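Asker: Reading the sequence shown from the start, the letters are residues 2 to 154 in my numbering. For glycine and all other residues, C-beta sits at the position ideal for the given N, C-alpha and C. None of the values given here were measured: they were computed from a predicted structure. Pasting in a structure now, in structure tokens, and then I'll have a few things to ask.
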Amino acid sequence: MKKLAVLSLFAVFVIAMSVLLFAAERGTPAEAKAMLQKAVAHYKEVGRKQALADFNAKKPPFGDRDLYVVCLGPDHTIIANGGFPQYVGASADALKDANGKSVGKQGWEAASTKGEAAVKYQWINPVTHKMEPKITFFQKVGDDVCGVGAYNP
């Protein structure tokens, strides 16, 4: 009986630690907003060319766990994507989420008219490699729109 109790406590401990470690791999919506503000300030400070190179490198402070910066040019072309660099050069309008929503187009239109926007959709998490709900915060900066999103499983 004592062995069973110890084994049960060990199992609970392992599960609790797994949950904590899994949670540590994820950025929060508040962290996504903070990263976006850093990205916008960096863009304004160092200029478009250097900022986009830095965002594509996905190094701190512009890449952290499953948080990364994405930017769209005025023609809706993806000009930076720290999470999925293979998308750079593609049309943001052509990329759709699991439900067929054109996230880039929606983010561009809302942020370019209002200055900022939040868009909810389904996207592949580059850390877990699973389709998950996500919210991305977009902001107009120069002639571009940049965003950072957080996954919410």
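Could you give the DSSP three-state label for V70: helix, strand or coil?
Answerer: Strand.
Asker: Of the choices G90, V120, R27, whose alpha-carbon is the least far from that of D67?
Answerer: Ranking the options by Cα distance to D67, first place goes to R27.
Asker: Grab me the residues of F33's own chain with a C-beta within less than 8 Å of its C-beta, minus the 5 sequence neighbours each way, in chain order.
Answerer: Sequence check: residue 33 is Ala here, not Phe. Cβ neighbours of A33 beyond the five flanking positions: L68, I136, T137, F138, V149, G150, A151.
Asker: May I ask you to report which of helix, strand or coil DSSP gives G105?
Answerer: Looking at G105 - three-state DSSP - the assignment turns out to be helix.
Asker: Over the uninterrupted beta strand (DSSP E) stretch that includes N82, give me the two end residues.
Answerer: Start and end: 79 to 82.
Asker: In the structure shown, what three-state DSSP assignment does K60 receive?
Answerer: Residue state, collapsed to three classes: coil.
Asker: In the DSSP assignment, the beta strand (DSSP E) including P134 goes from what residue to what residue?
Answerer: Note, P134: beta strand (DSSP E), 132 to 142.
Asker: Look at the alpha carbon of H130 and the alpha carbon of K106, and state the distance between them as a whole number of angstroms.
Answerer: For H130 and K106, the distance between alpha carbons rounds to 24 Å.
Asker: Apart from the five residues just before and just after T199, which ones in its own chain have a Cβ nearer than 6 Å to its Cβ?
Answerer: Residue 199 cannot be examined here, being either before or after the span of the chain that is shown, 2 to 154.
Asker: Which of the three DSSP states, helix, strand or coil, is assigned to E117?
Answerer: Strand at E117.
Asker: Quick one: Cα of P75 to Cα of V89, how far?
Answerer: About 14 Å.
Asker: Look at the alpha carbon of H43 and the alpha carbon of V146, and state the distance between them as a whole number of angstroms.
Answerer: Using only the alpha carbons, I get a separation of about 14 Å.
Asker: Is K59 buried or exposed, if buried means 16 or more other CB atoms sit within 10 Å of its CB?
Answerer: Buried, since its Cβ has 16 or more Cβ neighbours within 10 Å.
Asker: Taking 8 Å as the cut-off, decide whether the C-beta atoms of V120 and G108 are in contact.
Answerer: Yes, the pair counts as a contact, with Cβ atoms nearer than the cut-off.
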